[in-house]
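Notes follow the structure.
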Amino acid sequence: MALKIAVLKETAENEKRVSATPETVKKYIAKGFKISMVAGAGVNASYPDADYKNAGAEIVDSADQATADADIILCVQPPSHALKTKPDALLIGLLSPYNSKDRLTAYAAQGLTTLSMELVPRITRAQAMDVLSSQSNLAGYRAVLEAAAEFPRAFPMMMTAAGTIPPARVFVMGAGVAGLQAIATAKRLGAIVSATDVRAASKEQVQSLGASFVMVESDEIKQAETAGGYAKEMSDDFKQKQAKLVAETLVKQDIVITTALIPGRPAPVLVTEEMVKSMKPGSVIVDLAAPQGGNCTLTKVGETVEVNGVKILGFANISSRIATDSSALYARNLMNLLAVAVDKDGNLALNMDDDIMKGTILTKSGQIIHPNFQ
Numbered sequence: 010m011a012l013k014i015a016v017l018k019e020t021a022e023n024e025k026r027v028s029a030t031p032e033t034v035k036k037y038i039a040k041g042f043k044i045s046m047v048a049g050a051g052v053n054a055s056y057p058d059a060d061y062k063n064a065g066a067e068i069v070d071s072a073d074q075a076t077a078d079a080d081i082i083l084c085v086q087p088p089s090h091a092l093k094t095k096p097d098a099l100l101i102g103l104l105s106p107y108n109s110k111d112r113l114t115a116y117a118a119q120g121l122t123t124l125s126m127e128l129v130p131r132i133t134r135a136q137a138m139d140v141l142s143s144q145s146n147l148a149g150y151r152a153v154l155e156a157a158a159e160f161p162r163a164f165p166m167m168m169t170a171a172g173t174i175p176p177a178r179v180f181v182m183g184a185g186v187a188g189l190q191a192i193a194t195a196k197r198l199g200a201i202v203s204a205t206d207v208r209a210a211s212k213e214q215v216q217s218l219g220a221s222f223v224m225v226e227s228d229e230i231k232q233a234e235t236a237g238g239y240a241k242e243m244s245d246d247f248k249q250k251q252a253k254l255v256a257e258t259l260v261k262q263d264i265v266i267t268t269a270l271i272p273g274r275p276a277p278v279l280v281t282e283e284m285v286k287s288m289k290p291g292s293v294i295v296d297l298a299a300p301q302g303g304n305c306t307l308t309k310v311g312e313t314v315e316v317n318g319v320k321i322l323g324f325a326n327i328s329s330r331i332a333t334d335s336s337a338l339y340a341r342n343l344m345n346l347l348a349v350a351v352d353k354d355g356n357l358a359l360n361m362d363d364d365i366m367k368g369t370i371l372t373k374s375g376q377i378i379h380p381n382f383q
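Each residue of the sequence shown is one higher than the one before, counting from 10 in the working numbering.
Structure (structure tokens):
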């Protein structure tokens, strides 16, 4: 019997993405799945119901209709209410496991098997499932465009009969996936770009994109990266030296993009109020870490704050501001993960000896089984 996939309509504020696109629906159906979509699920991402219907999906009126007999439930953010499901139904999405132990307990009590996309391990075999990278890539791009829209000057140098306009100076803090894309985008727009990161390995990547690298020289940077490729939290001494260097650099900048995140921890503070006040009026800070507390002490999630003429943009969900493409990439990430969760005969088969399943699964058989959340 064919497995049935239910695709939810997102209910979280500021969420325009969707967990399946007409492209992935067509591919699921070609593999023998049945698809049930909640009406309007893709509308905010510019995917109308008619496109899903043409791809072969069934359109239903409510989440409960979609999930009641579904084997697999796809979402972007956690559902806002308990779903009507079969025992051992599989829920997959960005389930924010670090933010709510109660939610995980509720999933277990309901008998749901849950896979959290944030936890996909950063190994070669899982690159096509790495949702943090796919979404961060677009977030870094969009951050520069948002900054350009608020910045009262042009990005590139312009030579006119009336005089020359100097190029904007952009400083990117954190040279992970989002930071590198921000560097590339700012360079394409003609800015002079510099960047910083605690990981020494980032220097070559930053310079290969045509930006200059700003970093405190220290033996500590040799151990500044986790096995999963994330930046570690640094010592207080390193933070003080780095803060001094950043303060000296920020004074000269027009645009600052901050991207530093540590999984399961509040975002590290990189930009203080004093640093903000040292910047020129008209400057713009885009804080991509706003949902986790922000890299700037003055950031307010979901708001634009202005201090001494410096604007600080704290988008609650910047990936959602480029919803068509971020949905397309997210939907493919999900589809690639499902290829591991479903065997060649089309049956759910969660192999707990598989590193991807072992790293991603949160609840199963009425229990929270991920060691980080027990």
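Backbone N, C-alpha and C define an ideal beta-carbon position, used for all residues, glycine too.
Remember, it's a predicted structure, so these values are computed and weren't measured experimentally.
Annotation for Pro161: Gly291 place their beta carbon closer than 7 Å to its own, counting only its chain and skipping 5 residues before and after.
Just so you know, the alpha carbons of Val314 and Lys320 end up roughly 6 Å apart. Gly311 counts as exposed, since fewer than 16 other beta carbons sit within 10 angstroms of its beta carbon. In the three-state reduction of the DSSP assignment, Met138 falls in the helix class, which pools H, G and I. Residue burial annotation: Gly355 is exposed, with fewer than 16 other C-beta atoms found within 10 angstroms of its C-beta. Inter-segment contact for the stretch 157-171 and the stretch 123-141 is absent: fewer than three beta-carbon pairs are separated by less than 8 Å. Secondary structure at Leu99: strand, using DSSP grouped into helix, strand and coil. When the alpha-carbon of Leu99 is set against those of Gly199, Leu346 and Ile294, the nearest one is in Leu346. Beta bridge pairing from DSSP links Gln376 with Lys373. Counting only runs of 3+ residues, the beta strand (DSSP E) found wholly inside the stretch 243-307 occupies 264-267 and 293-296, in chain order. Boundaries of the beta strand (DSSP E) harbouring Ile82: Ile81 to Leu83, taken from the DSSP string. With a threshold of 16 other beta carbon atoms within 10 Å, Pro57 falls short and is exposed. Of the residues Ala59, Glu155, Asp80 and Ile38, the one whose Cα lies closest to the Cα of Ala350 is Asp80.
By the Cβ-count criterion, Lys13 is buried, with 16 or more other Cβ atoms from all chains shown falling within 10 Å of its own Cβ.
Distances from the alpha-carbon of Leu104 to those of Cys305, Ser89, Asn317 and Ala210 put Ser89 closest. Per DSSP, the unbroken alpha helix (DSSP H) holding Ala75 starts and ends at Ala72 to Thr76.
According to DSSP, Phe222 shares a beta bridge with Ala204. Rounded to whole angstroms, the separation of the alpha carbons of Gly102 and Phe324 is 21 Å.
Collapsing the DSSP output to three states places Met168 in a strand.
Taking 9 Å as the cut-off, the beta carbon of Thr267 is found no closer than this to the beta carbon of Gly149.
In this structure, Val280 is the residue among Lys289, Thr76, Asn63 and Val280 with its C-alpha nearest to the C-alpha of Asp296. With respect to Asn53, Val27 sits close: the two C-beta atoms are nearer than 9 Å. Nearest to Ile370 by alpha-carbon distance, out of Ala187, Val129 and Leu154, is Val129. As the crow flies, the alpha-carbon of Ala177 is around 5 Å from that of Ala200.
By the CB criterion at 9 Å, Ala220 and Ala204 fall inside the cutoff.
Following the DSSP letters along the chain, one finds Met344 inside the alpha helix (DSSP H) bounded by residues Ala332 to Ala350.
Residue pairing by DSSP places Ala157 opposite no residue, since no beta bridge is assigned to it. The closest CA to that of Ala11, considering only Asp263, Tyr37, Lys367 and Lys43, is found on Lys43.
Here the alpha carbon of Ala269 sits roughly 31 Å from the alpha carbon of Ala50.
Where Lys13 is concerned, there is no enclosing alpha helix (DSSP H), although the beta strand (DSSP E) around it starts and stops at Lys13 to Val16. Burial is judged here by how many other beta carbons sit within 10 angstroms of a residue's own beta carbon; Lys261 has fewer than 16 and is exposed.
Rounded to the nearest angstrom, the Cβ distance from Met344 to Thr33 is 5 Å, consistent with a contact under 8 Å. A straight line joining the alpha-carbon of Lys367 with that of Asn360 spans about 8 Å. By alpha-carbon distance to Glu282, the top candidate from Ile271, Leu154 and Ile294 is Ile294. Judged by beta-carbon spacing, Val207 lies beyond the 9 Å limit of Ala191, meaning their Cβ atoms are not closer than that value. Taking C-beta separations shorter than 6 Å and ignoring five residues to either side along the sequence, the partners of Cys84 in its chain run Leu17, Ser28 and Gly102, following chain order.
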